[in-house]
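Visitor:
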Amino acid sequence: MTNVIEIGSLTRSFGRTKALDDVTLAVPEGSICGLLGRNGAGKTTIMSIVSGQDRPTSGRVEVFGQSPFENESVLSRISFVRDNQRYPDNYRLHHVLRIAPDFAPNWNEEVAAELVEGFRIPEKTDIKKLSRGQLSSVGIVLGLASRAPLTLLDEPYLGLDVTGRALFHSMLLRDYAAHPRTIVLSTHLIEESEALFDRVVIVDRGRIRVDCERDEVSELAFTITGSTDAVERLSAGHPVLKSHSVAGLKSVTVQGAIADDIRAEARSLGAQMAPASLQEIVAAFGEEPPESPALDIKVKKGARA
Amino acid sequence: MFTDDSPIFQQLAAKIADDIVAGVHAEESAIPSATDFAVFFSMNPATASKGVNVLVELGALYKKRGIGMFVATGARELLRSRRREEFRQQYLKPLLAEARVLEVGTTELHHMIDEEEQETT
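Chains as they are written, first to last, in this note's numbering: chain L, 610 to 914; chain G, 34 to 154.
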């Protein structure tokens with residue numbers, strides 16, 4: 610399997626702030642990759658650099674094997690919908706739909722029409738007067754109807770209602786199945802969208818913390834809950850991501866997969882263990898205090914055939 | 034659905050297997066494609082394929098080239114016998130362990146099961 614996106618030791622600084630810090634990342638062709646992390650983690654910066662709208666301070670970025678910056682043959686294969694996508698003043702929906710095919714060689718009218726109808730996007734209102742959710746719908750129309758070989762969706766469903774989100778998921782999967790492509794999607798609605806992904810990337814403070822297949826998520830971290838003594842004994846030697854305690858009771862999220870021996874020990878100590886959900890893992894990474902030393906995280910890189 | 038701890042592809046395989054055992058999908062009938070499952074359950078198509086393939090490897094489903102996925106003859110009995118073994122692991126063993134903790138003897142346990150059965154039928 611080839612990688613559509615390859616980023617190596619990439620850093621992007623804004624003044625003294627490192628928005629991306631030594632990022633290495635590969636997205637295999639045909640995957641639906643969830644890009645997860647807190648606000649300001651660096652998700653949008655990654656997408657901007659991949660789509661050639663920004664340049665790294667140092668490091669390497671290749672999309673379809675080439676540098677994307679001002680590279681027409683790469684850019685024509687990318688559709689990037691920003692969460693705060695801007696449109697020219699006085700543009701209405703039909704202006705957007707008329708001009709979109711100029712930027713998207715694979716533009717599909719039927720997909721666009723079905724989505725416009727399903728989202729109930731007002732056609733006679735200026736785009737700039739649309740609500741947040743309606744604006745998101747316009748972005749989704751652009752992202753999906755473009756059928757771009759690489760589709761980058763940054764927070765595609767901000768403000769979108771529950772019917773719209775379901776429509777987005779079903780259209781994405783139906784159209785992806787008929788016209789496979791590579792999709793990178795950032796979102797905070799993790800529980801709702803995690804089943805869409807076959808790969809998961811977690812970013813925090815500009816660094817890649819997790820890069821693995823969806824099915825490997827259950828091996829990343831687990832929670833132990835029980836009496837303080839039991840939990841401390843069980844979690845000894847495991848990197849703790851998050852810990853929470855009330856009188857005599859403790860719950861910790863630690864890295865790693867649950868081994869059989871610790872499971873047996875937990876049972877004898879009366880403590881509960883369960884794999885952490887993706888949402889819990891993302892939240893745990895986002896809670897690390899800034900002064901904590903970088904943990905030695907097992908990052909699974911690249912595609913596995 | 035798709036909320037417990039096991040991987041999503043295994044949960045899909047279990048769901049299809051349940052439907053075969055329950056007779057929703059008859060033997061030698063076509064089942065929805067992996068893509069249909071993916072759209073229906075809002076999951077990644079690769080994950081859905083993986084789930085369907087679990088049952089292909091078991092011999093409960095087979096692929097007719099160019100037509101689709103079918104339930105194999107004998108799939109129901111095959112899955113049912115696997116489920117019986119799971120029943121032993123998931124229900125009988127914990128039941129007996131708990132009975133031991135509560136000091137419920139074998140005779141009393143049998144009696145409780147008989148009683149429960151009479152109440153529900």
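Note that beta-carbon positions come from the ideal geometry of N, C-alpha and C, so glycine has one too. All figures in this text were calculated on a predicted structure; none of them were measured in a lab.
1. Could you confirm whether any beta carbon from chain L is found closer than 8 Å to the beta carbon of Pro127 (chain G)?
2. Round the Cβ separation of Ser844 (chain L) and Val863 (chain L) to the nearest angstrom and send it over; I've been treating them as touching at under 8 Å.
3. Taking C-beta pairs closer than 8 Å, name the residues in chain G that His778 (chain L) reaches, listed in chain order.
4. Looking only at its chain, what residues have a beta carbon closer than 6 Å to the beta carbon of Ile614 (chain L), apart from the 5 residues adjacent to it on each side?
5. CA-CA distance, Asp770 (chain L) and Ile749 (chain L)?
6. Name, going along the chain, the residues of the stretch 717-741 of chain L whose beta-carbon falls closer than 8 Å to a beta-carbon of chain G.
7. Measure the C-alpha to C-alpha separation of Thr837 (chain L) and Ser877 (chain L) and round it to an integer number of angstroms.
8. Take Val809 (chain L) and list the residues in its own chain whose beta-carbon comes closer than 7 Å to its own, dropping the five residues that flank it on each side.
9. Can you find a C-beta in chain L that's less than 8 Å from the C-beta of Thr153 (chain G)?
10. Does chain G have any CB closer than 8 Å to the CB of Ala912 (chain L)?
11. Beta carbons nearer than 8 Å to chain G: which residues of the stretch 821-845 of chain L have them?
12. Chain L partners of Val72 (chain G), CB-CB under 8 Å?
13. Which same chain residues, not among the five before or five after Leu142 (chain G), have their C-beta less than 7 Å away from its C-beta?
14. For Leu759 (chain L), which residues does DSSP report across the bridge?
15. Got a sec? Which residues, its chain only, sit under 6 Å from Arg562 (chain L) by beta carbon, not counting five neighbours each side?
16. Can you check whether the C-beta of Phe42 (chain G) is within less than 8 Å of a C-beta belonging to chain L?
17. To the nearest angstrom, how far is the alpha carbon of Gly101 (chain G) from that of Ile49 (chain G)?
18. Cβ atoms of Gly879 (chain L) and Ala839 (chain L): under 8 Å apart, would you say?
19. I want to see whether chain L comes within less than 8 Å of Ala63 (chain G), judged by CB atoms only; does it?
20. Which of the three DSSP states is assigned to Gly895 (chain L) in this structure?
21. Can you tell me whether Lys907 (chain L) is buried or exposed, with buried defined as 16 or more other CB within 10 angstroms of its CB?
22. Using a beta-carbon distance below 8 Å, is Ile708 (chain L) in contact with chain G?
23. Looking at the C-beta of Ala47 (chain G), does it have a partner C-beta in chain L at a distance below 8 Å?
24. Check whether the Cβ of Ala79 (chain G) lies closer than 8 Å to any Cβ atom in chain L.
25. Helix, strand or coil: which one does DSSP assign to Arg783 (chain L)?
26. Using a Cβ cut-off of 9 Å, pull out every chain G residue sitting near Ile641 (chain L), in sequence order please.
27. Go ahead and label Thr666 (chain L) buried or exposed: buried means 16 or more other beta carbons lie within 10 angstroms of its beta carbon, across all protein chains shown.
28. In chain L, what lies closer than 7 Å to Thr68 (chain G) by C-beta?
29. Quick one: list the residues of chain A neighbouring Phe623 (chain L), beta-carbon separation under 8 Å, in chain order.
30. Runs of 3 residues minimum, wholly inside the stretch 784-868 of chain L: which ones carry the beta strand (DSSP E) assignment?
31. What span of residues does the beta strand (DSSP E) with Ala635 (chain L) cover, start to end?
32. Quick check on DSSP: helix, strand or coil for Lys910 (chain L)?
33. From what residue to what residue does the alpha helix (DSSP H) around Met656 (chain L) run?
34. For chain G, find out if any of its Cβ atoms is closer than 8 Å to the Cβ of Asp807 (chain L); answer yes or no.
35. Starting from Phe623 (chain L), follow the beta strand (DSSP E) in both directions and report where the run begins and ends.
36. Please specify which runs of the alpha helix (DSSP H), each continuous and at least 4 residues long, are wholly inside the stretch 43-118 of chain G, giving them in chain order.
Guide: The answer reads as follows:
1. Chain L contact via Cβ: absent.
2. Indeed they touch by this definition, with Cβ atoms about 5 Å apart.
3. Ordered by position in chain G, the residues that pass the 8 Å Cβ test against His778 (chain L) are Ser75.
4. Val636, Val659 and Val672
5. 13 Å
6. Residues of the stretch 717-741 of chain L with a C-beta less than 8 Å from any C-beta of chain G: none at all.
7. If I take the Cα positions, the gap works out to 15 Å.
8. The residues are Gly643, Leu645, Val819, Cys821, Arg823, Val826 and Leu887.
9. no
10. Only weak support is given to the placement of Ala912 (chain L): the predicted model assigns it a pLDDT of 42, under 50, and the value that follows is read from those uncertain coordinates. Output row for Ala912 (chain L): interface = no.
11. Arg823, Asp824 and Ser827
12. Under the 8 Å cutoff, chain L gives Ser779, Leu782, Arg783 and Ala786.
13. Only residues of its own chain outside the window of five on either side were considered, and among them Ala132 have a CB closer than 7 Å to the CB of Leu142 (chain G), listed in chain order.
14. L:Ile687 and L:Thr791
15. Chain L is shown from 610 up to 914; residue 562 (chain L) falls before or after that span and cannot be answered.
16. yes
17. 15 Å
18. yes
19. no
20. helix
21. Bear in mind that a pLDDT of 47 at Lys907 (chain L), under 50, signals an unreliable position, so the number given afterwards is only what the model happens to contain. With fewer than 16 Cβ atoms within 10 Å of its Cβ, Lys907 (chain L) is classed as exposed.
22. no
23. no
24. yes
25. helix
26. Asn77, Pro78 and Ala79
27. exposed
28. Neighbours of Thr68 (chain G) on chain L, chain order: Ala786.
29. You won't find chain A in this structure, because its protein chains are L and G.
30. 791-795, 808-813, 816-822, 830-836, 849-855 and 858-864
31. Its beta strand (DSSP E) spans residues Thr626 to Pro637.
32. With a pLDDT of 46 at Lys910 (chain L), under the threshold of 50, the modelled position of that residue is not reliable, and no figure is offered here.
33. Lys652 to Val659
34. Residue-level contact check: Asp807 (chain L) touches chain G, since one or more beta carbons of chain G fall below 8 Å from its beta carbon.
35. Asn612 to Phe623
36. 67-73 and 78-91
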